[in-house]
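Its first residue numbered 147, the sequence shown is counted upward by one per residue in the working numbering.
The beta-carbon is built from N, C-alpha and C at its ideal position, and this holds for glycine as well.
It should be emphasised that the depicted structure is a prediction, and the values quoted were computed from it without experimental measurement.
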Amino acid sequence: MSTRQTELRTVNVTRYVTPLREGGSMPAIVEADDGFLYVIKFRGAGQGTNALIADLIGGELARAIGMQVPELVFMNLAEGFGRSEGDEEIQDLLKFSVGLNLGVHYLSGAITFDPTVTTLDPLVASKILWLDCLLTNIDRTHRNTNMLIWKKELWLIDSGASLYFHHNWSNWEAHIKTPFALVKNHVLLKQATQIEEADKICKHLLTKDVVERIVALIPEDWLKEEGFFENKEEQRNAYSTFLLTRMEHSNIFIKEAQNARKELI
């Protein structure tokens, strides 16, 4: 399975295997018509397509800075797929998720990353923390690391709790220069000793072309305009503007992270 990709494949869901009930949005393991198993993130779940957009952008940005991320795919769920499902809650979720959803290649046998067991290279830890500050990812904590060890290698998953400004577009521009105070809860804060070096490397890799290419992957019908944009293209551009402008002012969240590290150690 390649960890590098420039486009996302589209596959069709052929079999619902099992729900992952520990996830708040109730993702599931499914099989697709390419014969592989995926963890599917449903568009009909609580946060809707916003969570899928955040996961897509976060995952592909992580890949672009050299992190290992399971392959992301678009998963088409056909109308009527869930009619034979006995659980009414799952049946409703499938009914409201007809169309394109997001799939993550299932890493069979992977274990949850434990910072008390595994120490990362300081630059790797710093790059992950830097990216989560850029994305305002509130969900990479000791309680839920959203990192896996698979075949003795680190893999990043689930950025769906990122870019939380897009749940209320009315003040999205004000979020660009926020310091991200919740970095104090980041699972890698103690290990991230090379944040400034990570900043240089990540900004070199995440060029305007790279960011815009990743944002361009968002399916048209995942964008809702929300009444704050004249059209979906304007909304798409807002994601690029947020990321590129926030990178220009990365010193704001770097300082916040460094202060949080001082308090921690």
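Item checked: Residue nearest to K323 in terms of C-alpha spacing, selected from F388, L363, T287 and V329 -> The residue with the shortest Cα to Cα distance from K323 is F388.
Notebook entry, point to check: Does DSSP classify M172 as helix, strand or coil?
Noted result: Correct three-state label for M172: coil.
Next item on the list: Please go through the same chain and pick out, in chain order, the residues whose beta-carbon is closer than 8 Å to the beta-carbon of M147, but skip the five residues on each side of it.
Entry: Since pLDDT at M147 reaches only 46, below the 50 mark, its modelled position is unreliable, and the value read off the structure follows with that caveat. Result list for M147: P216, E217 and H251, in chain order.
Notebook entry, point to check: Given a threshold of 16 other Cβ atoms within 10 Å of its Cβ, counted over all protein chains shown, does E416 qualify as buried or as exposed?
Noted result: Nothing can be reported for residue 416, as the shown portion of the chain is limited to 147 through 411.
Notebook entry, point to check: So, helix, strand or coil for G335, using DSSP?
Noted result: Residue identity check: residue 335 is Leu in the sequence provided, not Gly. L335 sits in coil when the DSSP states are folded into three classes, being neither helix nor strand.
Item checked: Inter-residue spacing [alpha-carbon to alpha-carbon] between S396 and C279 -> Using only the alpha carbons, I get a separation of about 9 Å.
Next item on the list: Please work out which residues of its chain come closer than 6 Å, Cβ to Cβ, to R155, disregarding the five sequence neighbours upstream and downstream, and give them in chain order.
Entry: V219.
Margin query: Between which residues of its own chain and W315 is the CB-CB distance below 7 Å, once the five residues before and five after are set aside?
Written below: Counting only Cβ-Cβ distances below 7 Å, and skipping sequence neighbours, we find E372 and F374.
Check: I think D179 touches L248, with their Cβ atoms under 8 Å apart; what is that distance to the nearest whole Å?
Finding: The beta-carbon distance between D179 and L248, rounded to whole angstroms, is 16 Å. This is too long to meet the 8 Å contact definition.
Check: Taking DSSP as the reference, what is the three-state secondary structure of F220?
Finding: Correct three-state label for F220: strand.
Notebook entry, point to check: Does the Cβ-Cβ distance between V159 and L223 come in under 7 Å?
Noted result: Yes, they are a contact pair.
Margin query: If contact is defined by three or more beta carbon pairs under 8 Å, each pair taking one atom from either stretch, is the stretch 263-281 in contact with the stretch 335-346?
Written below: Enough Cβ pairs lie closer than 8 Å, so yes.
Notebook entry, point to check: Are the beta-carbon atoms belonging to I199 and W368 less than 7 Å from one another?
Noted result: Yes, Cβ-Cβ distance for I199 and W368 is below 7 Å.
Margin query: With distance defined between alpha-carbon atoms, name the residue in N317, E380, A307 and V356 nearest to L328.
Written below: When each option's Cα is compared against that of L328, the closest is A307.
Checklist line | DSSP bridge partner residues for R161 (one or two, in chain order) | finding: E177.
Notebook entry, point to check: What's the gap between the Cα of V185 and the Cα of D304?
Noted result: Near 10 Å, if we compare the C-alpha coordinates of D304 and V185.
Notebook entry, point to check: DSSP puts Y184 in a beta bridge; with which residues?
Noted result: Answer is V176 and H251.
Note to self: By the three-class DSSP mapping on this structure, what secondary structure does E299 have?
What the structure shows: Shown here, E299 sits in a strand according to DSSP, grouped into three states.
Item checked: I364 to D355 span [Cα, whole Å] -> Going from the Cα of I364 to the Cα of D355 covers about 15 Å.
Item checked: Sheet register partners of T258 (DSSP bridge) -> L294, per the DSSP bridge assignment.
Next item on the list: Identify whether L280 lies in helix, strand or coil by the three-state DSSP scheme.
Entry: Helix at L280.
Check: Distance, Cα to Cα, W426 vs F259?
Finding: Examination of residue 426 is not possible in this model, given that the chain is present from 147 through 411 alone.
Notebook entry, point to check: Out of curiosity, what's the CA-to-CA distance linking N383 and N283?
Noted result: When rounded, the distance between both Cα atoms is 20 Å.
Next item on the list: Specify, as a first and last residue, the run of the alpha helix (DSSP H) that K346 falls within.
Entry: Counting along the chain, the alpha helix (DSSP H) containing K346 begins and ends at I341 to L351.
Notebook entry, point to check: Exposed or buried, Q337, counting other C-beta atoms within 10 Å across all chains shown (16 or more means buried)?
Noted result: Looking at its Cβ environment, which holds 16 or more other Cβ atoms inside 10 Å, Q337 is buried.
Notebook entry, point to check: Whose C-alpha, out of S272, V357, G226 and L390, is nearest the C-alpha of L335?
Noted result: Nearest of S272, V357, G226 and L390 to L335, Cα basis: S272.
Checklist line | CB of V333 within 7 Å of CB of T291, strictly | finding: Note that the C-beta distance between V333 and T291 is below 7 Å.
Check: Which term fits V361, buried or exposed, when burial requires 16 or more other beta carbons within 10 angstroms of its beta carbon?
Finding: Buried, since its Cβ has 16 or more Cβ neighbours within 10 Å.
Checklist line | T195 - DSSP class collapsed to helix/strand/coil | finding: DSSP, reduced to helix, strand and coil, places T195 within a helical segment of the structure shown.
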